[in-house]
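**Q** Chains Z and U, in that order, give the protein sequences. Residue numbers are given in this note's numbering: position 254 of the first sequence equals residue 332, and the series is strictly consecutive. Residue numbers are given in this note's numbering: position 44 of the second sequence equals residue 69, and the series is strictly consecutive. Every residue gets a Cβ at the ideal spot worked out from N, C-alpha and C, and that includes glycine.
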Amino acid sequence: MLHELPLVIFTIIAQMSVGSFVVLGLIHLFGARAGRDVIDKVSDPALYAIGPILVLGLLASMLHLGTPIRAINALRHLDSSWLSREILFGLLFAALGGAFASCQWFKWLTPGLRQALAGLTALVGLGLVWSMANVYLLPTVPAWNSWATVVRFFATTFLLGSLAVGAVLVVTAEVRRRRGSALDEVSDRVIMSSLRGITIAAIAMLGVEFVVLPIYLGELATEGSAAATASVGALVTTHGGYAVVQLVLVFLGVALLGVFLSRLVERPGSAVQAQLFAIVPVAAFVLVFAGEIIGRMLFYASYVRAGL
Amino acid sequence: MTDMTKANVTKANVTKYKQLGFYVDQASCTGCKACQIACKDKNDLPVGVTWRRVAEYSGGGWSQDQSQGTFKANVFTYYTSVSCNHCEDPICIRVCPTKAMHKGIDGVVGIDPTACIGCRYCEWACPYSAPAFSAAKGVMTKCDFCQDYLAEGRDPACVAACPSRVLDFGEIDDLRKKYGTTAGIEPLPDPAITKPHLVITPHKDAQKSGHGDGTLANPAEV
Numbered sequence: 079m080l081h082e083l084p085l086v087i088f089t090i091i092a093q094m095s096v097g098s099f100v101v102l103g104l105i106h107l108f109g110a111r112a113g114r115d116v117i118d119k120v121s122d123p124a125l126y127a128i129g130p131i132l133v134l135g136l137l138a139s140m141l142h143l144g145t146p147i148r149a150i151n152a153l154r155h156l157d158s159s160w161l162s163r164e165i166l167f168g169l170l171f172a173a174l175g176g177a178f179a180s181c182q183w184f185k186w187l188t189p190g191l192r193q194a195l196a197g198l199t200a201l202v203g204l205g206l207v208w209s210m211a212n213v214y215l216l217p218t219v220p221a222w223n224s225w226a227t228v229v230r231f232f233a234t235t236f237l238l239g240s241l242a243v244g245a246v247l248v249v250t251a252e253v254r255r256r257r258g259s260a261l262d263e264v265s266d267r268v269i270m271s272s273l274r275g276i277t278i279a280a281i282a283m284l285g286v287e288f289v290v291l292p293i294y295l296g297e298l299a300t301e302g303s304a305a306a307t308a309s310v311g312a313l314v315t316t317h318g319g320y321a322v323v324q325l326v327l328v329f330l331g332v333a334l335l336g337v338f339l340s341r342l343v344e345r346p347g348s349a350v351q352a353q354l355f356a357i358v359p360v361a362a363f364v365l366v367f368a369g370e371i372i373g374r375m376l377f378y379a380s381y382v383r384a385g386l
Numbered sequence: 026m027t028d029m030t031k032a033n034v035t036k037a038n039v040t041k042y043k044q045l046g047f048y049v050d051q052a053s054c055t056g057c058k059a060c061q062i063a064c065k066d067k068n069d070l071p072v073g074v075t076w077r078r079v080a081e082y083s084g085g086g087w088s089q090d091q092s093q094g095t096f097k098a099n100v101f102t103y104y105t106s107v108s109c110n111h112c113e114d115p116i117c118i119r120v121c122p123t124k125a126m127h128k129g130i131d132g133v134v135g136i137d138p139t140a141c142i143g144c145r146y147c148e149w150a151c152p153y154s155a156p157a158f159s160a161a162k163g164v165m166t167k168c169d170f171c172q173d174y175l176a177e178g179r180d181p182a183c184v185a186a187c188p189s190r191v192l193d194f195g196e197i198d199d200l201r202k203k204y205g206t207t208a209g210i211e212p213l214p215d216p217a218i219t220k221p222h223l224v225i226t227p228h229k230d231a232q233k234s235g236h237g238d239g240t241l242a243n244p245a246e247v
C-alpha cells in the first residue's frame, strides 16, 4: 500500500488546491450580493493557504524522481507526453495562482481584471486535473485506462476542495472571534451560506464516488485480461480492508457535516452549536482527506500491467 | 582495439540496418537463462536490473477420458526470452516526458542518461518490462542491442551465449522472411499495442496473446 507515496501526496494536494481555488471562485460569484470587500475578507485567508500547500505538493512530486536535479527536463515532450503537459499545467497553475494572490494582497489591478485572472487560473487548474488523469490512461494498464480515472480525479478535486475551504472559513472566523476582531453579521451570513453550498457539493461528490466505484469495479472484473483480473484482486481481496476504511471515512466526514448543518438550521444559536461550529467542518475535512489519501493509495496499488 | 578505431567502426555501421529485431525459437528454448546472465555480465547490471528476461508460462491440468474413466495430465510450460523489442510504435518514447527515450541508429530504442530524470513512466507503460530503473544512477537503463559488439562485427551477448541457438537477430524484414511474423504469444501482450520488432517460432503449446489460460510461473524473475 505504500507504493508511490510521493505521487499520492502530489496528486491529492494538487487536486485539492485546484478544487479549493474553484470553490473560492464560486463563493465570489454566488456571494456577489454581499459585496466584494466582505467576500474578500472572508475568503482571502483560504486563498493564501493554497499557495504554500501547492508548492509542497509539487516538491513532493520531485521525490518520485531518480534524478530530481534535472526535473525541468520533464517539460521537453509536450507534443506527445501527458506527463510533460501535467507538469506544465502544474507550474502554470502555481504561477497564475501566485500572481492572483499577490494582486489580491496588494490590491493590484482593477477588481474586474483580478476576476479575469482568477477565471484563467481556475481554467488552467482544471486543465491540470485533466492532464493528471490522462497520465494514467495507459493502454497497457487496464485498472487505470478507464473513464472512471478521469471522473474520480475530478470528484476528489471538488470534494477535497469544498471541504478544505469549509474548514479554513470556520477556522479563520474562530481565530478572528478569539482575537476580538470578529466580522460583522453580513460576513457570518456569507460563511453560513458558503458552508451550505459546500455541504451540498460534498454530498454530490460523495454520490459520484459511490456510484462510479461499483460500475468501475464491475467493468474491470469483466474486462477479461489477466492484468485487469489481478487489479480487481488487489482492490477487492488483498487491500479490501483499506477500501472499506476509505469508503467509511469519506461517508462519515460528509455525513457529519450534513447532520451538523441541518441541526444548525433547525435550532440556530445554541451555545453548544457555537462551540462545534469551528470543529465539525474541520473534522469532516480530516476524515474525508484521510479517506481520499487511502483511496489514492489503492489507485496506485491497483497497478498491474498487461504483458510481462 | 583503440578507442579511435572503435569509433570509426561504429561510424561505418551507422547505416548497416534499417531496423534491428530479435528472433526467439520458443519450440527449442530450454529456459536455461544463459542469455539473461550473459546480458547481465556483459553490461555489468546490478541485482534488480535486468535487460533480458526469460518468462516461464505454465498451465493445464487433468483431462478425463470419459470412456475409460481415467485421467491424464495435460500440463504445459514454455519459455520466452525477451529484451527490448525496439518497437515500431514504442510506448516508452510516446510517454517519456524528457525525450531521453529515442529511436537511435539501426532503429534501436536508446535512452540518453544525461536527459532522463528517472520518473519511471516508461517502466509503467512498457508491456515488455524493457526499461529498467537503476537506483545507483537515478535514471532508466535498457538494452542497447550491444551496439559496441555489433560495431566489432560480433553478435549481441545474449544471442552469442545461447547454447540451444534459439536466439537470432538482424534486419527485421529478413527475420520475418525467414521465420514468419508471429509475436503475439502469451505471456507477451498483443503486438498491436507497440508493434515489437520480434519474431517468435511458437512452442507447440503456445497460446495466443489475450487468449491464455496459464500463468506466469516466475513473476519475480521478469
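Per DSSP, residue 196/U is paired with what?
**A** Paired residues: 45/U.
**Q** Mind checking who residue 89/U pairs with in its DSSP beta bridge?
**A** DSSP output for residue 89/U lists 96/U as bridge partner(s).
**Q** Closer than 7 Å by C-beta to residue 246/Z: which residues in its own chain qualify, once you throw out the five before and the five after it? Chain order, please.
**A** If we look at residue 246/Z and ignore the five residues flanking it on each side, its Cβ neighbours are 123, 124 and 127.
**Q** Beta-carbon of residue 143/U versus every beta-carbon of chain Z: anything under 7 Å?
**A** Cβ-Cβ to chain Z under 7 Å: yes for residue 143/U.
**Q** From residue 31/U to residue 173/U, what does the alpha carbon distance come to, in whole angstroms?
**A** The pLDDT assigned to residue 31/U is 45, lower than 50, so where the model puts this residue is not dependable; a value taken from the coordinates is nonetheless given after this. Approximately 8 Å, taken between the alpha carbons.
**Q** Over the uninterrupted beta strand (DSSP E) stretch that includes residue 136/U, give me the two end residues.
**A** From DSSP, the beta strand (DSSP E) with residue 136/U extends over 134-136.
**Q** Apply the 10 Å Cβ neighbour rule to residue 150/Z and answer buried if 16 or more other Cβ atoms are within range, or exposed otherwise.
**A** Classification for residue 150/Z: exposed.
**Q** State yes or no: is the beta carbon of residue 218/U nearer than 7 Å to at least one beta carbon in chain Z?
**A** Closer than 7 Å: yes.
**Q** Would you list the residues sitting across from residue 50/U in a DSSP beta bridge?
**A** Bridge partners of residue 50/U: 226/U.
**Q** For residue 145/Z, would you say it is in contact with chain U, using Cβ-to-Cβ distances shorter than 7 Å as the test?
**A** Residue 145/Z counts as touching chain U.
**Q** Ordered along the chain, which non-local residues of its own chain (more than five positions away) have a Cβ less than 7 Å from that of residue 135/U?
**A** Here the set comprises 127, 129 and 169.
**Q** Once the 5 residues before and after residue 188/U are set aside, which same chain residues still bring their CB inside 7 Å of it?
**A** Hits under 7 Å: 57 and 59.
**Q** By Cβ distance below 8 Å, which residues in the same chain neighbour residue 267/Z in space, the five residues on each side in sequence not counted?
**A** The residues are 112.
**Q** In whole angstroms, give me the CA-to-CA distance for residue 114/Z and residue 99/Z.
**A** Between residue 114/Z and residue 99/Z, the C-alpha separation is close to 17 Å.
**Q** Distance, Cα to Cα, residue 105/Z vs residue 194/Z?
**A** If I take the Cα positions, the gap works out to 15 Å.
**Q** Chain U partners of residue 151/Z, CB-CB under 9 Å?
**A** Those are 122, 123, 124, 125, 140, 141 and 142, listed as they occur along chain U.
**Q** Measure the beta-carbon distance from residue 218/U to residue 116/U and round it to whole angstroms, keeping in mind my assumption that it falls under 8 Å.
**A** At roughly 7 Å, the Cβ-Cβ gap stays under 8 Å, so residue 218/U and residue 116/U are in contact.
**Q** May I have the straight-line CA-CA distance separating residue 130/Z from residue 213/U, to the nearest angstrom?
**A** Between residue 130/Z and residue 213/U, the C-alpha separation is close to 45 Å.
**Q** Taking all protein chains shown into account, decide if residue 245/U is buried (16 or more other Cβ within 10 angstroms of its Cβ) or exposed.
**A** The residue is exposed, with fewer than 16 neighbouring Cβ atoms inside 10 Å.
**Q** Which of helix, strand or coil does DSSP assign to residue 32/U?
**A** The pLDDT assigned to residue 32/U is 45, lower than 50, so where the model puts this residue is not dependable; a value taken from the coordinates is nonetheless given after this. Reduced to three states, the DSSP call for residue 32/U is helix.
**Q** Which whole runs of the beta strand (DSSP E) in the region 139-184 of chain U are 3 residues long or more, in chain order?
**A** Qualifying beta strand (DSSP E) stretches, in chain order: 157-159 and 164-166.
**Q** Please classify residue 201/Z: does DSSP put it in a helix, a strand, or coil?
**A** In the structure shown, residue 201/Z sits in a helix (DSSP, three-state: H, G or I).
**Q** Would you give the residue range spanned by the beta strand (DSSP E) that residue 107/U belongs to?
**A** Where residue 107/U is concerned, the enclosing beta strand (DSSP E) stretches over 101-107.
**Q** To the nearest angstrom, report how far apart residue 210/U and residue 216/U are at their CA atoms.
**A** Whole-angstrom Cα-Cα distance: 9 Å.
**Q** Could you tell me the distance, in whole angstroms, from the CA atom of residue 161/Z to the CA atom of residue 122/U?
**A** Roughly 6 Å between the two C-alpha positions.
**Q** For residue 225/Z, is the classification buried or exposed, using 16 other Cβ atoms within 10 angstroms of its Cβ as the cut-off for buried?
**A** Exposed, because fewer than 16 other Cβ atoms sit within 10 Å of the Cβ of residue 225/Z.
**Q** Is the CB of residue 384/Z under 7 Å away from at least one CB in chain U?
**A** Chain U, which has a Cβ nearer than 7 Å to the Cβ of residue 384/Z, makes this yes.
**Q** Where residue 355/Z and residue 280/Z are concerned, what is the direct C-alpha to C-alpha distance, given to the nearest angstrom?
**A** Going from the Cα of residue 355/Z to the Cα of residue 280/Z covers about 17 Å.
**Q** Out of curiosity, what's the CA-to-CA distance linking residue 101/Z and residue 163/Z?
**A** Residue 101/Z and residue 163/Z: Cα-Cα distance of roughly 24 Å.
**Q** Taking the straight line between their C-alpha atoms, what separation do you get for residue 314/Z and residue 222/Z?
**A** The straight-line gap from Cα to Cα measures roughly 15 Å.
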